[in-house]
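Residues in the sequence shown are numbered from 614 upward in steps of one, following our numbering.
Backbone N, C-alpha and C define an ideal beta-carbon position, used for all residues, glycine too.
Model, not experiment: these values are computed from the prediction.
Notes follow once the structure below has been shown.
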Amino acid sequence: MNNNHRNSLRNLSKSHGLVLLYHSVSDDASLSHNRIHNVSPNSFERHLSELHEIFRFVSLPEFLSAESPAGLATITFDDGYRNVLIHALPILEDAQIPATLCVNSSVVQGQPNWRDRIRFLIKHDLTQEFMNACKLPMTEGMFYRFSKHPANNSVLIDECLNEYFHEHGIEITRNPAYLDSKDLSACSKSHKILSVVNHGSRHYVLSSLTDKEQAHEIHEPIPWLPKCSRAYVEDVFSVPFGGSQDINEKTLEIAGGAGYDNLLMSRQRLHRHDRSSPRKPRMIERIMPRSRDVIKEILSRYPDGMK
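Shown next as structure tokens:
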């Protein structure tokens, strides 16, 4: 490890905390080719080992309740991939590092993920045919990106996908790569280091939705998650996609009204509590590592140091 890099990150850690965001953990290279954020188990273990020298890993509730997150780190996994239990959990348990699963209720309950349908169209070169059948306001650039553009209502796209797949006799069933409700229940009983938070009902782009649709996306999982997990964290909502463009003022209003004091974002930043702002919900910054050298990758976000 480069000592200069390590010292630079240690300096940043004096005023900031680190919330890591992962999705899939596997040696299957095809996952990345299918636009799924994936790191190998070896890289994941290396990340924890190197970061453990600088940060103290704690549970998400402990991170959020700390007076300052400086020097603290916590781990989150979005979307509920089963391989997290297979490959990441043993590493976490050996190191006694807590982690949080951010799950979509519809997917865990057995419904197909609309993003998997998007990936199917790309893989089978059907995007233009689908576009001809489904008129979207925003159509510029890569299909995968504009399919999640806030100008394109996710509910409408999902309806178009259902119609297109039905008309063409294409059946996309639930992807076994995701955890199911039984897995989630077993996790909370057998693995004390794991907690669970709401990641929305169907992983729609919240800012693309009507007020009523946003409310459903945020509220629908609330009565179900506590029944499925003893370790449900009730004051945290993980924003699908997690960018600034993926939420709006209505998102904050609805999430706050639902009891969520914290929104997990994905804006590739270290986190710092702003105690001067009383506004809730507060946005919790996360960093999603992609490379093997996690410290260098984090520092690349701050080429001139922290201002």
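Exposure of residue i, with buried meaning 16 or more beta-carbon neighbours within 10 Å
i      : result
Thr772 : Per the sequence shown, residue 772 should be read as Glu rather than Thr. When all chains shown are included, Glu772 counts as exposed.
His816 : buried
Val693 : The identity of residue 693 in the sequence shown is Gly, whereas the question assumes Val. That one is buried.
Thr823 : exposed
Met926 : Residue 926 lies beyond the range of the chain shown here (614 to 920); nothing can be said about it.
Ser803 : exposed
Gly723 : exposed
Met919 : At Met919 the pLDDT is 47, less than 50, meaning the model places this residue with poor confidence; the figure from the coordinates comes in the next sentence. By the neighbour-count rule (16 or more Cβ atoms within 10 Å), Met919 is not buried but exposed.
Glu898 : buried
Pro750 : exposed
Ser879 : buried
Asn875 : buried
Arg732 : buried
Pro703 : exposed
His779 : exposed
Asn616 : exposed
Arg601 : Since the first and last residues shown for the chain are 614 and 920, residue 601 lies out of range.
Arg730 : buried
Own chain residues within Cβ distance below 6 angstroms of residue i, not counting five before or after
i      : result
Pro839 : Tyr845
Arg882 : Glu898
Val941 : Outside the displayed range of the chain (614 to 920) lies residue 941, so it cannot be described from this structure.
Ile649 : Ser637
His781 : none
Cys747 : Cys773
Ser801 : Ser842, Arg843, Ala844
Chain-order list of residues whose beta-carbon lies under 7 angstroms from that of residue i (same chain, five-residue window excluded)
i      : result
Lys761 : Val818, Phe854
Thr864 : Leu819, Ser820, Gln827
Ser814 : Asn717, Ser718, Ser719, His829, Glu830, Glu833, Pro834
Thr786 : Pro725
Gln858 : Pro763, Ser820
Tyr915 : Leu625
Met744 : Thr752
Asn861 : Ser820
Leu912 : His618, Ser621, Leu622
Ala871 : Ile831, His832, Ile835
Supposed contact pair residue j and residue i - C-beta distance, whole angstroms, cut 8 angstroms
i      : j      : result
Val907 : Val849 : With a Cβ gap of about 23 angstroms, Val907 and Val849 do not count as contacting.
Leu634 : Met901 : 4 angstroms
Leu661 : Ile699 : Contact doesn't hold; Cβ gap of about 17 angstroms is too wide.
Asn766 : Phe759 : Not confirmed; about 12 angstroms, so no contact.
Ser808 : Leu673 : 6 angstroms
Ser904 : Cys841 : Not really, about 34 angstroms apart at Cβ, beyond 8 angstroms.
Ser681 : His886 : 6 angstroms
Cys715 : His629 : The Cβ separation is near 21 angstroms, so there is no contact.
Other residues of its chain near residue i: CB distance less than 8 angstroms, five sequence neighbours each side excluded
i      : result
Tyr791 : Asp692, Gly693, Tyr694, Arg695, Val720, Val721, Asn726
Ala701 : Tyr635, Val638, Pro654, Phe657, Phe690, Ala712
Lys627 : Ala683, Gly684
Lys736 : Asn647
Pro894 : Phe850, Leu865, Ala868, Gly869, Tyr873, Asp874, Asn875, Leu876
Heavy atom of the ligand FMN within 7 angstroms of residue i beta-carbon
i      : result
Ser798 : In the structure on display, the ligand FMN does not appear, and there are no ligands present to speak of.
Tell me the start and end of each unbroken alpha helix (DSSP H) in the stretch 866-913 that is at least 4 residues and wholly inside, in chain order. The DSSP assignment places complete alpha helix (DSSP H) segments of no fewer than 4 residues inside the stretch 866-913 at 907-912, in order along the chain.
Those runs of the alpha helix (DSSP H) which lie wholly inside the stretch 688-776 and span at least 4 residues: Within the stretch 688-776, the complete alpha helix (DSSP H) runs of at least 4 residues are 702-708, 718-721, 727-736, 740-746, 756-759.
Count the C-beta pairs between the stretch 680-691 and the stretch 629-645 that are closer than 8 angstroms, then say yes if the count reaches three, no if not. Contact between the stretch 680-691 and the stretch 629-645 is present, because at least three Cβ pairs lie under 8 angstroms.
Three CB pairs or more closer than 8 angstroms across the stretch 619-626 and the stretch 659-670: Enough Cβ pairs lie closer than 8 angstroms, so yes.
Quick check for students: name the residue ranges of the alpha helix (DSSP H) that lie wholly in the stretch 784-823, counting only runs of 4 or more. Taking only runs of at least 4 residues, the alpha helix (DSSP H) segments lying wholly in the stretch 784-823 are 794-803.
Segments assigned beta strand (DSSP E), at least 3 residues, entirely inside the stretch 614-675: Annotation note: the stretch 614-675 contains the following uninterrupted beta strand (DSSP E) runs of length 3 or greater, listed N- to C-terminal: 631-635.
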